[in-house]
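Trainee: To get this note's numbering, take the position in the sequence shown, counting from 1, and add 140.
Beta carbons are placed, not taken as given, at the ideal position from N, Cα and C, and that holds for glycine.
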Amino acid sequence: MVPPASLERAGVRVSIPRGPWAVVGGALGLTCLFFYRAVFSADVFIARDMLLVYAPLRRYWAQRVSEGDFPGWYPFDGLGQSFAGIMLSAPFHLSQVLGLLFSTGVAMKLAVLACPPLALLGTFALLRLYDVPRSGAFFAGLAFAFSGHMVSLTNSLAYLMAGATLPAALWAAERFLRAATPGRAAVAALGLASVLLAGDTWSYAFANAFVLLLAVTSPEARGPRVLRALGLVALGAGLAAPQLFAGLAVFARGAPGASSLEDAQRWSLDPWRLPEFLLGPYLANPTVERAVPEEWVKPLLSTGGFSTLWTDSALIGVPVLVLAVTGLRFLPWKRWAPFAVVWGVVLALALGSALPVYGWLYEALPLWRPFRYPEKLVVHLTWGLAVLAGFGWKALVSSRERARWAALAAGTISAGLLAVALAERLGAMWSHAFVLGRWPRVPPETLATLSHAFSGAAFIAAGVALGCALVLPGLAGSWYRAGMLMALQLGAAFTLNEPLYILGSEELLDSPPVFVDTVREWASRTGASSPRVASRIQRFRLPRFEGFEFQDSVALMARASLMPDTPALWGIGAADAYLPAASSRLQRLQVQHPGFFTESQPLYGVRFSAYTPTAYEALAPKPGRVVARDDVFELLLVEHADALPRLFLAKPHCVPDETAALGLLRTAAFRTAAQAAVECGAAPLPTSGAQPLTGRVALAHETPEHLLVDVESSADAVLVVNDAWQAGWTASLDGEPAQLLPANVAVRAVGVPQGHHRIELRYRAPGVLPGLMLAAVTLLGLALTEGWRRRRVHAVTPMNQRGDRAPAPSEA
């Protein structure tokens, strides 16, 4: 991202058709071409988090809103958590409306397919502000939109939408920095807010940083631009306040993000993957896994324990690199040096555990700690290279000497890549240095496959570089050569990246697996409104089905094994915390005491667990009886007869803190009695004596955010609500405010006197209401200011007849 001072204009400018609709049409057409498997089929995106996270979240949002409610509480993960605080839920993003018009799978597919045109057009518009020729700006846009990282992000909707929105947000920001009007401020602030509303806090933080960078590096009126940038950041925060405040409320209680530096640096960009920027995903299998095979990831790449990569391709392409080098060669170094430093810092952070930089920032800046998985930063590296390539295009079409220099650079790169390919094909230099260095006992056939894949990728990249060397000298003034260069870039991206996006039948999101049917039958029979399950599947055999791709089998196995949060698609919850806004108490229990947490899940209402037969047979004593079998996937569903209901009466046992409560829960005798470890605080609850506690609990009304419970107790007791302890819940007893208390470490309780009473519990997501008010005030203020400005312009229009100039409304 290098906005230089104006270079001399080209003598002959190459441009795509000048009509804006031609640019939009080109962006849409290329998207349909690249994603033809998605566009021209009924299949939907189902890879990894699209199935595990986004489909359940978006279906829940659409269901609640279609019923006239707005989701505040998400009951299906980690005993429940703030829906807006999850961030990835993106409850205020415009794309959610698609879920009201289409099915969940189709709505997500349309949201994914909207991202490449948005990324392309945003990059194009930004570069046009710096007089980059239309053809160069379009080239940079398509290079970013169809880069390996962006295509791989079709498995993670929030990060894809945020990355695609970033260029348009910065285009609007630069327009505002150049000419500040309320209208431009509103558009730019909405652009910045949209990055956060998409669900990605990291991209939002970097978007604001890039706005400030644009301001401080400008040679023109730096002071006013910096003030405008700061004001724009504040306005963007104001419009994003509902999402921002909800996330900050969760962060303030220590819930989101990484539990340690080691956890934060998982999914770092391995240094050995840097050649992928040129060579493409040479480790990936494009025909079977459509990803890097798990058996290669574990021994070869540093992922912090994960068996898959965050994204399977980092390709940006040889033509982009050639043009980026050209840009660096001919731009004034004082202009590009600050951006190069920032790009270098982002690269160092993306490398994560390979360098100490990420650790330094983690220790020095507490606000950095919620961020994790450094490979997410590759989107900014990719976009920076694409933008720099656009400036390189501008530089080389301005003179034949520069074009010849760029061609020579491309030829040199081609020769270097050819040498690398021959060194591997003839001498196995790369495979000995990388593969054998990290995987000494690699099977010979795997070593041969890896070696051939690397050398083949290098040969192809050398050929692309040679094509650039032939095309670049006559680029200025030649439509044919401009089209050839774009074809080289898009052809490489299509060949190497297109196989990596994963589709599957929408039936995967709609037809319930065997175990879900069993759980729903039990819930219907017992009247339980919120059944909970757990997946105890660690190792499994993945069956293959004729006519199904490998990733179809992966998705089917995830559903069959009740992997979080797939059961939420059918209204079934889980105690395990998979999403980031889970209660900090539950996260500590899950991370610091995993064995006990697994053993005690029936205490938190988990009625069923899925096991493999081997794992179940190894358990002694057995956790429950087998109530269902899935012979296709070789899985068992076990029912825990001792599972407690969501609401129950218990005798309170007051403890001073969370540690003391955990100590009590470790006692089997305490867990089996009708007792609850309650952190009573300064006003201990009355004891109920030695007599057995009897009573009745009946739900009079239930929504995720509102419970009315009729309770009848034989003695003073507590009503235990087996939902996560989180801020935002309030309670009343017979219409009077009542105190909610932490119980059994991770859930909550309300004191209940002897007799018949009605307890009401309500939830309001912290931060959402103040955020909505601030967003409304910000938007109203911008609208009123712009209206006043336009009236003032019309009022002084007659002055133009006397030679004075008033700013035109179109400048907004």
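Could you give the DSSP three-state label for Tyr710: helix, strand or coil?
Mentor: What sits at residue 710 in the sequence shown is Trp, not Tyr. Residue state, collapsed to three classes: helix.
Trainee: Taking all protein chains shown into account, decide if Phe685 is buried (16 or more other Cβ within 10 angstroms of its Cβ) or exposed.
Mentor: Per the 10 Å Cβ criterion, exposed.
Trainee: Should Gln678 go down as buried or exposed, given a rule of 16 or more other Cβ atoms within 10 Å for buried?
Mentor: Counting Cβ neighbours within 10 Å, Gln678 comes out exposed, since fewer than 16 surround it.
Trainee: Could you tell me which residues DSSP pairs with Tyr214 in its beta bridges?
Mentor: Tyr214 is bridged to Gln221.
Trainee: Using 10 angstroms around the beta-carbon of Glu429, count the other beta-carbons present and answer buried if the total reaches 16, otherwise exposed.
Mentor: It counts as buried.
Trainee: Per DSSP, which residues does Glu779 bridge with? Please list them.
Mentor: Phe748, Arg765, per the DSSP bridge assignment.
Trainee: Please name the residue, chosen from Arg836, Ser853, Val861, that lies closest to Glu842 on a Cα-to-Cα basis.
Mentor: Among Arg836, Ser853, Val861, the Cα nearest to that of Glu842 belongs to Val861.
Trainee: Could you name each continuous alpha helix (DSSP H) segment of 4 residues or more that falls completely within the region 235-282, going from the start of the chain to the end?
Mentor: Complete alpha helix (DSSP H) runs here, min 4: 238-241, 244-269.
Trainee: Cβ atoms of Val390 and Gly225: under 7 angstroms apart, would you say?
Mentor: Against a cut-off of 7 angstroms, the Cβ pair of Val390 and Gly225 comes out as a contact.
Trainee: Determine the closest residue to Glu435 out of Thr448, Asp850, Lys534, with distance taken between C-alpha atoms.
Mentor: If we check each option's Cα against that of Glu435, Thr448 comes out closest.
Trainee: Go to His934, then tell me how far its alpha helix (DSSP H) extends in each direction, as first and last residue.
Mentor: Start and end: 908-935.
Trainee: For the region 225-234 against the region 869-883, are there 3 or more C-beta pairs whose distance is under 8 angstroms?
Mentor: Cβ pair count under 8 angstroms is below three, so no.
Trainee: My output table needs one value for Glu900: the three-state DSSP class, helix, strand or coil.
Mentor: Three-state DSSP puts Glu900 in a strand.
Trainee: Just checking, does the region 661-668 make contact with the region 715-728 on the three C-beta pairs under 8 angstroms criterion?
Mentor: Not touching, per the Cβ criterion.
Trainee: Tell me whether Phe180 is buried or exposed, calling it buried when 16 or more other Cβ atoms sit within 10 Å of its Cβ.
Mentor: That one is exposed.
Trainee: Under a Cβ-count criterion, where at least 16 other Cβ atoms within 10 Å of its own Cβ denotes burial, should Phe831 be classed as buried or exposed?
Mentor: Here the sequence assigns Gln to residue 831, which means Phe is not the residue at that position. Answer is exposed; the Cβ neighbour count stays below 16.
Trainee: What span of residues does the alpha helix (DSSP H) with Val604 cover, start to end?
Mentor: 584-611 is the span of the alpha helix (DSSP H), which, as asked, contains Val604.
Trainee: Could you say which of Ser854, Ser853, Leu839 lies nearest to Leu847 if we only look at CA atoms?
Mentor: Nearest C-alpha to Leu847: Leu839.
Trainee: Skipping 5 residues on each side, what residues in its chain have a beta carbon closer than 7 angstroms to that of Ala280?
Mentor: Same-chain partners within the cutoff: Thr263, Leu267, Ala526, Val527, Ala529, Gly530.
Trainee: For Met569, which residues from the same chain have a beta carbon less than 6 angstroms from its beta carbon, with the 5 sequence-adjacent residues on both sides left out?
Mentor: Cβ within range, chain order: Ala563.
Trainee: In terms of residue numbering, what span does the alpha helix (DSSP H) encompassing Glu819 cover?
Mentor: Glu819 -> not in any alpha helix (DSSP H); beta strand (DSSP E) instead, spanning 815-819.
Trainee: Is it the case that the Cβ atoms of Arg904 and Gly868 are separated by a distance below 7 angstroms?
Mentor: Cβ distance < 7 angstroms, so Arg904 and Gly868 count as in contact.
Trainee: Taking only three categories from DSSP, how would you classify Leu636?
Mentor: Three-state DSSP puts Leu636 in a helix.
Trainee: Around the Cβ of Pro382, are there at least 16 other Cβ atoms within 10 angstroms (buried) or fewer (exposed)?
Mentor: Result: buried.
Trainee: With H, G and I counted as helix, E and B as strand and the rest as coil, what does DSSP make of Pro882?
Mentor: Strand at Pro882.
Trainee: Should Ser651 go down as buried or exposed, given a rule of 16 or more other Cβ atoms within 10 Å for buried?
Mentor: Ser651 comes out exposed.
Trainee: Assuming the contact rule is C-beta atoms closer than 8 angstroms, Leu804 and His793 should be a hit. Round their C-beta distance to whole Å, please.
Mentor: Confirmed, about 6 angstroms.
Trainee: Take every Cβ of the region 410-417, pair it with every Cβ of the region 449-459, and state whether three or more of those distances are shorter than 8 angstroms.
Mentor: These segments touch.
Trainee: Which whole-angstrom value is the C-beta distance of Val460 and Ala605, which I expect to be below 8 angstroms?
Mentor: The pair is not a contact, with the Cβ atoms about 11 angstroms apart (cut-off 8 angstroms).
Trainee: From Ala886 to Ala374, what distance separates their C-alpha atoms?
Mentor: Each residue's Cα considered, the two are about 36 angstroms apart.
Trainee: Can you list, in chain order, the residues of its chain whose CB lies under 8 angstroms from that of Ala593, leaving out five sequence neighbours each side?
Mentor: Tyr422, Leu423, listed in sequence order.
Trainee: Taking C-beta to C-beta, are Ala313 and Ser343 nearer than 7 angstroms?
Mentor: No; because the gap between Cβ atoms is not below 7 angstroms, this pair is not in contact.
Trainee: With a 10 Å radius around its C-beta and 16 neighbouring C-beta atoms as the bar for buried, classify Lys534 as buried or exposed.
Mentor: Buried.
Trainee: Mind checking which residues open and close the beta strand (DSSP E) that includes Thr321?
Mentor: Run containing Thr321: none; DSSP gives neither H nor E here.
Trainee: Do you know offhand how far Trp865's Cα is from Gly821's?
Mentor: About 15 angstroms.
Trainee: Give me the Cα-Cα distance between Leu168 and Ser400, rounded to the nearest whole angstrom.
Mentor: Cα to Cα, the separation comes out at about 43 angstroms.
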